[in-house]
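Enquirer:
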Amino acid sequence: MNTIPFPDYRHRHLLGIEGLVPIEVTALLDRAEIYAQRNRSPDKFSEEMRGRTVINLFFENSTRTRTSFELAAHRLGANVINMTVGSSSVAKGETLIDTAVTLNAMHPDVLVVRHAESGAAALLAQKVNCAVINAGDGAHEHPTQALLDALTIRRRRGKLSGLEVAICGDVLHSRVARSNIHLLNVMGAHVRLVGPRPLIPSGAQELGVDVFYDMREGLKDVDVVMMLRIQMERMQGNFFPSVREYFRYFGLDREKLALAKPDALIMHPGPMNRGVEIDSDVADDFERSVIREQVEMGVAVRMAVLEILAANLDHTESTSTLEKR
Ligand code: ASP
Numbered sequence: 029m030n031t032i033p034f035p036d037y038r039h040r041h042l043l044g045i046e047g048l049v050p051i052e053v054t055a056l057l058d059r060a061e062i063y064a065q066r067n068r069s070p071d072k073f074s075e076e077m078r079g080r081t082v083i084n085l086f087f088e089n090s091t092r093t094r095t096s097f098e099l100a101a102h103r104l105g106a107n108v109i110n111m112t113v114g115s116s117s118v119a120k121g122e123t124l125i126d127t128a129v130t131l132n133a134m135h136p137d138v139l140v141v142r143h144a145e146s147g148a149a150a151l152l153a154q155k156v157n158c159a160v161i162n163a164g165d166g167a168h169e170h171p172t173q174a175l176l177d178a179l180t181i182r183r184r185r186g187k188l189s190g191l192e193v194a195i196c197g198d199v200l201h202s203r204v205a206r207s208n209i210h211l212l213n214v215m216g217a218h219v220r221l222v223g224p225r226p227l228i229p230s231g232a233q234e235l236g237v238d239v240f241y242d243m244r245e246g247l248k249d250v251d252v253v254m255m256l257r258i259q260m261e262r263m264q265g266n267f268f269p270s271v272r273e274y275f276r277y278f279g280l281d282r283e284k285l286a287l288a289k290p291d292a293l294i295m296h297p298g299p300m301n302r303g304v305e306i307d308s309d310v311a312d313d314f315e316r317s318v319i320r321e322q323v324e325m326g327v328a329v330r331m332a333v334l335e336i337l338a339a340n341l342d343h344t345e346s347t348s349t350l351e352k353r
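No gaps in the numbering here: position 28 of the sequence shown is 56 in the working numbering, and each next residue is one more.
#1: Residue range of the alpha helix (DSSP H) that T93 falls in?
#2: Let me check you understand the geometry: is the CB of H170 closer than 6 Å to at least one non-hydrogen atom of ligand 1?
#3: Apart from the five residues on each side of it in sequence, which residues of its chain come closer than 6 Å, Cβ to Cβ, to R400?
#4: Return the residue from the list I109, D198 and L256 that minimises the CA-CA distance to S230.
#5: Hey, out of L175, E46, F86 and P70, whose CA is closest to A60's CA?
#6: Grouping DSSP H, G and I as helix and E and B as strand, with all else coil, what is I294?
#7: Assign V318 to one of three DSSP states: helix, strand, or coil.
#8: Counting C-beta neighbours from all protein chains within 10 Å, is the total for V129 16 or more, i.e. buried, or is it exposed?
#9: Answer yes if the segment 215-227 comes into contact with the segment 182-195, meaning at least three C-beta pairs across the two stretches below 8 Å, and no otherwise.
#10: Should N162 be labelled buried (16 or more other beta-carbon atoms within 10 Å of its own) or exposed?
#11: By DSSP, does E273 sit in helix, in strand, or in coil?
#12: Counting along the chain, where does the alpha helix (DSSP H) carrying R80 start and finish?
#13: Measuring from the CB of R203, is there a heavy atom of ligand 1 at a distance below 6 Å?
#14: Report yes if the C-beta of P297 is less than 6 Å from at least one heavy atom of ligand 1; otherwise report no.
#15: Roughly how many angstroms separate the alpha carbons of A311 and S270, rounded to a whole number?
#16: Among residues of its own chain, excluding the 5 on either side of P33, which ones have a beta-carbon nearer than 7 Å to its beta-carbon?
#17: By the DSSP assignment, the alpha helix (DSSP H) with A153 in it spans what residues?
#18: Scan the segment 153-184 and note each continuous beta strand (DSSP E) run of 3 residues or more that stays entirely inside, going in chain order.
#19: Can you grab the Cα-Cα spacing for the pair L139 / D342, in whole Å?
#20: Shortest alpha-carbon distance to L211 belongs to which of R225, L235 and G246?
#21: How would you label N266, buried or exposed, when you count the other beta carbons within 10 angstroms and need 16 or more for buried?
#22: Confirm the yes/no value for this check: CB of G164, any heavy atom of ligand 1, distance under 6 Å.
#23: To the nearest angstrom, how far is it from the Cα of V323 to the Cα of D242?
#24: Can you list, in chain order, the residues of its chain with a C-beta nearer than 8 Å to that of V250? Leave out the 5 residues immediately preceding and following it.
#25: Is R257 close to ligand 1? I mean its beta-carbon at under 6 Å from any heavy atom of the ligand.
#26: Are the beta-carbon atoms belonging to A149 and D165 less than 7 Å from one another?
#27: What first and last residue would you give for the beta strand (DSSP E) that runs through T112?
#28: Examine ligand 3 and report whether any of its heavy atoms sits within less than 6 Å of the Cβ of V310.
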């Protein structure tokens with residue numbers, strides 16, 4: 029009998045963190061840990077994905093995430109094709125499906141997709157026979173970001189459970205926040221959302237988090253301060269009076285950071301708006317800031333996810349409504 033290579037993660041895709049259970053998250057993180065170590069050695073390349081094809085399909089701009097997936101696939105010996113598609117807002121749904129069906133005919137093994145619409149990756153998974161990784165869909169989820177954040181924290185603190193994590197800033201527009209809330213909750217950490225009222229989604233408490241509209245209150249004694257980018261491109265209307273005001277009340281600087289635990293980690297998914305949500309002084313603090321390590325862990329996490337999905341492909345059910353593989 030052919031046994032499934034990675035029995036602890038049996039999903040066909042990685043569309044989000046919501047719904048994953050601790051054993052699945054741990055399986056992905058443990059595998060990523062191996063790659064994190066290997067990526068620091070001189071010999072970074074291997075053959076785990078030899079013969080496999082990965083397509084990076086990006087409908088939204090991205091530098092670091094696309095590069096990170098590309099490097100991850102290369103390091104595992106896969107062939108990688110990058111497609112950056114300018115999305116016309118009128119025909120977005122149609123474009124997505126047409127593109128998916130076309131790509132499907134080329135028999136990729138893994139499709140990595142980023143799209144401005146929530147649910148785009150899940151929709152695509154219905155139209156293709158390969159594995160799909162959500163690399164960010166609108167304000168919905170960005171699962172590999174949450175995994176790389178978790179790996180970074182776990183390496184520094186040795187655990188996730190019992191930690192107090194403040195996610196600060198533009199939570200409303202952030203898929204990073206949403207994926208992190210699910211992951212940290214399921215792994216036993218406690219999440220606080222900190223930000224101005226208009227940038228915290230209504231009903232946020234139902235996600236099992238505490239909400240603080242005063243950053244000084246919200247940062248008290250936390251283990252991790254996770255800053256979010258102000259997402260101007262997703263804002264219609266005025267969410268705060270001015271950048272200066274925002275920085276004064278919700279920008280992370282030395283003074284506000286002093287309220288967190290003395291060894292609290294500083295995180296940011298990038299790209300950073302320096303002087304808006306974070307002061308350069310704390311962003312570049314070698315002792316406390318793990319922002320560069322997050323980028324490093326990103327490659328390791330994406331290697332793990334790509335490898336596991338590709339290896340399990342013949343043992344997981346296609347969710348496609350098209351013909352079977
Ligand atoms: N790079 C992250 C994302 O794609 C965070 C951000 O853009 O602010 O969601």
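Beta carbons are placed, not taken as given, at the ideal position from N, Cα and C, and that holds for glycine.
All values reported here derive from a predicted model rather than from experimental measurement.
Expert: On the basis of the coordinates in this document:
#1: In the sequence shown, counting from the first residue as 1, residue 93 sits at position 65. Here the alpha helix (DSSP H) through T93 covers R92 to R103.
#2: Position 142 of the sequence shown, counted from the start, is the residue given in the question as residue 170. Under cutoff, so the answer is yes.
#3: In the structure as shown, the chain begins at 29 and stops at 353. Residue 400 is therefore absent and cannot be evaluated.
#4: Taking the first residue of the sequence shown as 1, we reach residue 230 at position 202. For the residues I109, D198 and L256, the minimum Cα distance to S230 belongs to D198.
#5: On the sequence shown, residue 60 is found 32 positions in, with the first residue counted as 1. Nearest of L175, E46, F86 and P70 to A60, Cα basis: L175.
#6: Mapped onto the sequence shown, residue 294 falls at position 266. Three-state result, I294: strand.
#7: Along the sequence shown, one-based indexing puts residue 318 at 290. Coil.
#8: The residue you call residue 129 lines up with position 101 of the sequence shown. V129 comes out exposed.
#9: yes
#10: For the purposes of this step, residue 162 is taken as the residue at position 134 of the sequence shown. Answer is buried; the Cβ neighbour count reaches 16.
#11: Looking up residue 273 in the sequence shown gives position 245. E273: helix per DSSP, three-state reduction.
#12: The residue labelled residue 80 in the question sits at position 52 within the sequence shown. Neither: R80 is in no alpha helix (DSSP H) and is coded neither H nor E.
#13: Residue 203 sits at position 175 when you count from the first residue of the sequence shown. Within the cutoff, so yes.
#14: Position 269 of the sequence shown, counted from the first residue, corresponds to residue 297. Indeed, a heavy atom of ligand 1 lies less than 6 Å from the Cβ.
#15: For the purposes of this step, residue 311 is taken as residue 283 along the sequence shown, with counting starting at 1. For the purposes of this step, residue 270 is taken as residue 242 along the sequence shown, with counting starting at 1. In a straight line, the C-alpha of A311 is about 21 Å away from that of S270.
#16: Working through the sequence shown from its first residue, we reach residue 33 at position 5. Closer than 7 Å at Cβ, skipping near neighbours: A339 and N340.
#17: Counted from its first residue, the sequence shown places residue 153 at position 125. A148 to A153 is the span of the alpha helix (DSSP H), which, as asked, contains A153.
#18: 159-165
#19: Mapped onto the sequence shown, residue 139 falls at position 111. Mapped onto the sequence shown, residue 342 falls at position 314. Distance between the alpha carbons of L139 and D342 is about 16 Å.
#20: Counted from its first residue, the sequence shown places residue 211 at position 183. The residue with the shortest Cα to Cα distance from L211 is L235.
#21: Taking the sequence shown and counting its residues from 1, one reaches residue 266 at position 238. When all chains shown are included, N266 counts as exposed.
#22: Locating residue 164 in the sequence shown gives position 136, where the first residue counts as 1. The answer is yes for G164.
#23: Here residue 323 is taken as the residue at index 295 of the sequence shown, counted from 1. Here residue 242 is taken as the residue at index 214 of the sequence shown, counted from 1. Each residue's alpha carbon lies about 29 Å from the other.
#24: Position 222 of the sequence shown, counted from the first residue, corresponds to residue 250. If we look at V250 and ignore the five residues flanking it on each side, its Cβ neighbours are E192, V193, A194, R220, A288, K289 and A292.
#25: One-based indexing of the sequence shown puts residue 257 at position 229. Yes, ligand 1 has a heavy atom inside 6 Å of this Cβ.
#26: For this step, residue 149 is matched to residue 121 along the sequence shown. For this step, residue 165 is matched to residue 137 along the sequence shown. Taking 7 Å as the Cβ cut-off, A149 and D165 qualify as a contacting pair.
#27: The count along the sequence shown starts at 1 and reaches residue 112 at position 84. Taken as a continuous stretch (DSSP letters only), the beta strand (DSSP E) holding T112 covers N107 to T112.
#28: With respect to ligand 3, the structure offers nothing, as its ligand set consists of ligand 1.
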